[in-house]
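For the sequence shown, our numbering gives the first residue as 23, with consecutive numbering after it.
Where a beta carbon is used, it is the ideal one built from N, C-alpha and C, also for glycine.
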Amino acid sequence: MYYEELKKVDPQIYEAIRGELYRQKDNLELIASENYVSKAVLEALGSILTNKYAEGYPKKRYYGGCEWVDVVESIAIERAKKLFGAEHANVQPHSGTQANITAYLSLIEPGDTVIGLNLSHGGHLSHGHPLNFSGRYFKIVTINVNKDTELIDYEEMEKTIEKERPKLIMAGASNYSRKWDWERIKKMADAWKCYFVCDIAHYAGLIAAGIYPSPVPYADVVTSTTHKTLRGPRGGLILSKKVYAKLIDRTNFPGNQGGPLMHVIAAKAVCFYEAMKPDFVEYQKQVVKNAQRLAKELELKGYRIVSGGTDCHLFSVDLRSKNITGKDAEVILDKAGITVNKNTIPYDPQPPLITSGIRIGTPAVTTRGMKEKEMEEIAQYIDDAIIHRDDEGYLKSIKEKVKGLTKRFPLYIDF
Ligand code: DSN
Numbered sequence: 023m024y025y026e027e028l029k030k031v032d033p034q035i036y037e038a039i040r041g042e043l044y045r046q047k048d049n050l051e052l053i054a055s056e057n058y059v060s061k062a063v064l065e066a067l068g069s070i071l072t073n074k075y076a077e078g079y080p081k082k083r084y085y086g087g088c089e090w091v092d093v094v095e096s097i098a099i100e101r102a103k104k105l106f107g108a109e110h111a112n113v114q115p116h117s118g119t120q121a122n123i124t125a126y127l128s129l130i131e132p133g134d135t136v137i138g139l140n141l142s143h144g145g146h147l148s149h150g151h152p153l154n155f156s157g158r159y160f161k162i163v164t165i166n167v168n169k170d171t172e173l174i175d176y177e178e179m180e181k182t183i184e185k186e187r188p189k190l191i192m193a194g195a196s197n198y199s200r201k202w203d204w205e206r207i208k209k210m211a212d213a214w215k216c217y218f219v220c221d222i223a224h225y226a227g228l229i230a231a232g233i234y235p236s237p238v239p240y241a242d243v244v245t246s247t248t249h250k251t252l253r254g255p256r257g258g259l260i261l262s263k264k265v266y267a268k269l270i271d272r273t274n275f276p277g278n279q280g281g282p283l284m285h286v287i288a289a290k291a292v293c294f295y296e297a298m299k300p301d302f303v304e305y306q307k308q309v310v311k312n313a314q315r316l317a318k319e320l321e322l323k324g325y326r327i328v329s330g331g332t333d334c335h336l337f338s339v340d341l342r343s344k345n346i347t348g349k350d351a352e353v354i355l356d357k358a359g360i361t362v363n364k365n366t367i368p369y370d371p372q373p374p375l376i377t378s379g380i381r382i383g384t385p386a387v388t389t390r391g392m393k394e395k396e397m398e399e400i401a402q403y404i405d406d407a408i409i410h411r412d413d414e415g416y417l418k419s420i421k422e423k424v425k426g427l428t429k430r431f432p433l434y435i436d437f
C-alpha cells in the first residue's frame, strides 16, 4: 500500500485500512450490494475536491471559486442522463436513502399514504420501515410477495392500491431476484392517480448495461445508489422526468442536504463514464450468469433458492433444509473467508436478527474476473463450511482454499 503520509501521521487508521485491504483481497465477497471500484474512481474520491464548498448547482452556487467543480458536476449530470436515458439527473444525494427522502418530500406531504414492498420480502428500510423516517412520516402500506411463487403479485398490489389509495408507489427492492414489471406499475399509478417512484439501487448497473428492464421511461422519479452493481463510489443519484427537475433539485438542496460532496460527485462521473464502455455490458452479463450458476450449484447441493432462481445479480438461500439460521451461517462462512449477509426470506419464521436465509450476490467476485467455473468452486466451499460448521480446523482449511482462489484473481495489485 502506498499511503506513506497516512502511515506517518496516523498509524492506527493506516493499520485499519491495511487490514481491510487484505480482507478485501483475501476473502470472497458475496454481499450483493458491494463491489470493487476502479483505481480511477478511487483517485477521484481521494482528490482535493473534498476541500470545496459548493452549495447550490452548477452556475448557481452560494460560494465563489466554483468554476472547476461546476465542470465536474455538469459532466456527471450529463453522463448520468445519457447512461440511463433520463430527462433530468441530480447527482448530489449523499446516499440512496437520502435520494429517497428527496423523492418523497418532492412529491408528497407527511401523513400521505405510500405503498412499498415489505422489508422482509425484499424491500428496503427507506421504503417504509416503522423505524425509518419513511415509516414515521408517512402512512405505509406494505405489499408481500406471493407465498407460493415468491414473486410480486401485481393483482394483489392493485387491490391494495384500490383499497388504500396511496399517493405514491415506491417500487424497487434490495433483495428481489426477479424482473419487475415497471410498465404494469406505471399503468396502476396512472389508473389510481398516484406517483410512481422507483428505487433501482440494486439493479442500476444491470439497467445501465441494458440487461435488466429500465423503469426510466415509466417512473416519475428514479432513485439509486452508485456503489452496488454500478461499481462507483458510495453515494446516491436521482433521475426524473423534466417536469420534476426544479422540484427535485430544490428539495435535495436546500431542502434535504447542505454542501454537495464534490469529490464523490467526481467519482460518480468517472463511474458513469466506465459504465458506458462496452466491457461494462460484458461484465454485467457475467454478473448475472455467475449468480445463476451459483444459485443452481447450491440448489444441486440441497439448498432451496427463493423463487427458484434469479434474473439479476443476487438471490436468497433458504437454509432451513440444512438446519442452520442465517445468523449462524453468516458467522460460519466468515470463518471460511466467505462474506455474506443474513437475510430474511419471505414469510420467514425467524426474526430479522436471526433469519432463515442468506443473501448472495456476484458483482464483486465478477469484478475480480471470476466465471461459472469459479462459482462451482464457491458453492462447494459454502456447502463444505455449512456441513463442517462445528469443525474449526476444517473451516480454517476452507479459508486457505478460498485464499488460493482469490489469489488467482488478484485485486488492487499495486496496493
Ligand atoms: N443495505 C443495502 C443492501 O445491502 O442492500 C441497501 O441499502
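Given the structure, does residue i come close to ligand 1, in the sense that its CB is under 7 Å from one of the ligand's heavy atoms?
i, result
"residue 121", "no"
"residue 226", "no"
"residue 348", "no"
"residue 110", "no"
"residue 116", "no"
"residue 54", "yes"
"residue 223", "yes"
"residue 199", "no"
"residue 146", "yes"
"residue 142", "no"
"residue 246", "no"
"residue 196", "yes"
Mind reading off the beta-carbon distance from residue i to residue j? Whole number of angstroms is fine, and I expect it under 8 Å.
i, j, result
"residue 410", "residue 416", "4 Å"
"residue 383", "residue 52", "6 Å"
"residue 244", "residue 270", "That pair is no contact at about 11 Å."
"residue 63", "residue 255", "6 Å"
"residue 202", "residue 235", "7 Å"
"residue 387", "residue 312", "7 Å"
Helix, strand or coil: which one does DSSP assign to residue i?
i, result
"residue 364", "strand"
"residue 337", "strand"
"residue 51", "strand"
"residue 262", "strand"
"residue 81", "coil"
"residue 116", "coil"
"residue 415", "helix"
"residue 137", "strand"
"residue 124", "helix"
"residue 76", "coil"
"residue 59", "coil"
"residue 428", "helix"
"residue 165", "strand"
"residue 151", "coil"
Which term fits residue i, buried or exposed, when burial requires 16 or more other beta carbons within 10 angstroms of its beta carbon?
i, result
"residue 343", "exposed"
"residue 127", "buried"
"residue 310", "buried"
"residue 45", "exposed"
"residue 37", "exposed"
"residue 158", "exposed"
"residue 298", "exposed"
"residue 359", "buried"
"residue 153", "exposed"
"residue 31", "exposed"
"residue 165", "buried"
"residue 268", "exposed"
"residue 273", "buried"
"residue 347", "buried"
Residue ranges of each alpha helix (DSSP H) within the segment 168-231, 4 or longer
Listed in chain order, the alpha helix (DSSP H) runs fully inside the segment 168-231 are 176-186, 204-213, 226-230, counting runs of at least 4 residues.
Complete beta strand (DSSP E) runs within the segment 351-405 (minimum length 3 residues, chain order):
Under the rule that a run must span 3 or more residues, the beta strand (DSSP E) segments found entirely inside the segment 351-405 read 363-365, 379-383.
Taking only runs of the alpha helix (DSSP H) that begin and end inside the segment 229-312, which ones reach a length of at least 4 residues, in chain order?
Within the segment 229-312, the complete alpha helix (DSSP H) runs of at least 4 residues are 267-274, 284-297.
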